[in-house]
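What follows is a set of notes on a single structure, which appears directly below.
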Amino acid sequence: MQKTASFAVVHFSVAFGMAYALSGSAWVGGAIAVLEPAVNTVAFYFHEKFWLRRQQRIASAEALKQQPLPAYDHNCMAGYCMPA
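Going by the numbering used here, the first residue of the sequence shown is number 19, and it counts up by one from there.
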């Protein structure tokens, strides 16, 4: 937990420093430093959701590859079967 808290302080400091350097306003720097992690949290949620669905699609495709193909009848074409 200490490492997480430490990173939060670093993240806040970097965001504040960058915003202050670009805007010259401590108020803008503080607002951005508070808003940026909140926006990133929402973006992270959707990012994780996207990657979870992607992994599920890949797993489904891999499972389909493992299934044997049905037997092929050479006497049938386009649903029509010729008598033997």
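Here a beta-carbon is modelled for each residue, glycine too, at the ideal position from N, C-alpha and C.
query	result
Span of the alpha helix (DSSP H), counted from its first residue to its last, around Gly47	44-84
Backbone CA spacing between Phe25 and Arg72 [nearest angstrom]	29 Å
Rounded distance between the beta-carbons of Ala51 and Phe34, thought under 8 Å	4 Å
Assigned exposure category for Ala77 - 16 Cβ within 10 Å defines buried	exposed
Local conformation of Met19 per DSSP, three classes	coil
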